[in-house]
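Visitor: Have a look at this one.
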Amino acid sequence: MYFAALLARTEDGWEASDTELDDVETLSDLADLARESASDADDTVLVFIEQEDAWFGVVRIDGEEDPRVFVSSAAAAARSSYGELLLTDEMLGREPKDDADDLDALDLDGTEDGEPETEDDEDTDTSAVPAGPVGDTGILDDLGVSPKELLALSDDALSEIAEALGAADVLETVR
0 MYFAALLART
10 EDGWEASDTE
20 LDDVETLSDL
30 ADLARESASD
40 ADDTVLVFIE
50 QEDAWFGVVR
60 IDGEEDPRVF
70 VSSAAAAARS
80 SYGELLLTDE
90 MLGREPKDDA
100 DDLDALDLDG
110 TEDGEPETED
120 DEDTDTSAVP
130 AGPVGDTGIL
140 DDLGVSPKEL
150 LALSDDALSE
160 IAEALGAADV
170 LETVR
């Protein structure tokens with residue numbers, strides 16, 4: 000079970016809204032969605048994504064700056080379609096994937112039709128993904144959650160973060 004919410008910091012405090020991620024395919028799409036939820040272009044918006052008892056992610060968008068990301072368990076998130084949005088090649092220390100390489104790797108000898116896929120054919124290689132947390136541990140430092148506190152969060156991490164931000168009540172309204 001997944002939960003996703005947007006928390007936008009306004010002059011009046013935090014505003015929360017739940018969100019659907021079905022049409023989001025990239026981190027850039029997610030950042031655009033977050034920016035659209037902000038009442039002012041310079042507002043800070045946090046995207047909370049959680050898979051029950053497996054992992055959580057926080058994406059921070061400050062105006063037009065690049066999104067900052069923290070994921071509690073890269074290995075667990077890599078097995079999730081929403082987690083894959085957050086785990087960029089740069090974050091994982093991998094070379095960016097080039098679409099031309101994908102085309103070069105195809106074996107176009109005319110036998111593709113009807114060949115059963117094997118597990119080796121699947122594009123779910125998580126061997127290069129660290130088991131633990133990845134990303135920007137200082138993502139919430141100026142908002143009251145230190146890197147040490149972020150790394151020590153329990154199973155109810157998003158509620159604990161919202162509590163530290165003073166946004167627990169607004170997050171609960173969309174949960």
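Here numbering that gives the first Met the number 0 is used: position 53 in the sequence shown is 52, and no number is missing along the way.
Built from N, CA and C at the ideal position, the CB exists for glycine as well.
What do you reckon, is the C-beta of Ala-130 under 7 Å from a heavy atom of the ligand HEM?
Guide: In the structure shown, the ligand HEM is absent, as is every other ligand, since no ligand is present at all.
Visitor: Can you tell me where the beta strand (DSSP E) holding Val-46 begins and where it ends?
Guide: Residues 43 to 50.
Visitor: Can you tell me whether Glu-14 is buried or exposed? The criterion is at least 16 other CB atoms within 10 Å of its CB, across all chains shown.
Guide: Classification of Glu-14: buried, given that the 10 Å Cβ count is 16 or more.
Visitor: Given this structure, state the Cα-to-Cα distance separating Ala-144 from Asp-22, to the nearest angstrom.
Guide: Inspection of the sequence shows that residue 144 is occupied by Val rather than by Ala. About 30 Å.
Visitor: Alpha carbon to alpha carbon, how far is Asp-17 from Met-90?
Guide: Rounded to the nearest angstrom, the two C-alpha atoms are 26 Å apart.
Visitor: In this structure, does DSSP put Ile-160 in helix, strand or coil?
Guide: Residue state, collapsed to three classes: helix.
Visitor: Using the three-state DSSP reduction, which class does Val-173 fall into: helix, strand or coil?
Guide: Val-173 falls in the helix class under three-state DSSP.
Visitor: Return helix, strand or coil for Ser-80, following the three-state DSSP convention.
Guide: It is helical.
Visitor: From Val-57, Val-58, Glu-159 and Pro-129, pick the residue whose C-alpha is nearest to that of Gly-77; which is it?
Guide: In the sequence as displayed, the identity of residue 77 is Ala instead of Gly. Of the candidates Val-57, Val-58, Glu-159 and Pro-129, the one whose C-alpha sits nearest the C-alpha of Ala-77 is Pro-129.
Visitor: Would Thr-127 and Arg-93 qualify as a contact pair, given that the criterion is a beta-carbon distance under 8 Å?
Guide: Residue 127 is actually Ala in this sequence, not Thr. Their beta carbons are under 8 Å apart, which means Ala-127 touches Arg-93 by this criterion.
Visitor: Rounded to a whole number of angstroms, what is the C-alpha to C-alpha distance between Ile-60 and Thr-43?
Guide: The alpha-carbon atoms of Ile-60 and Thr-43 are separated by roughly 6 Å.
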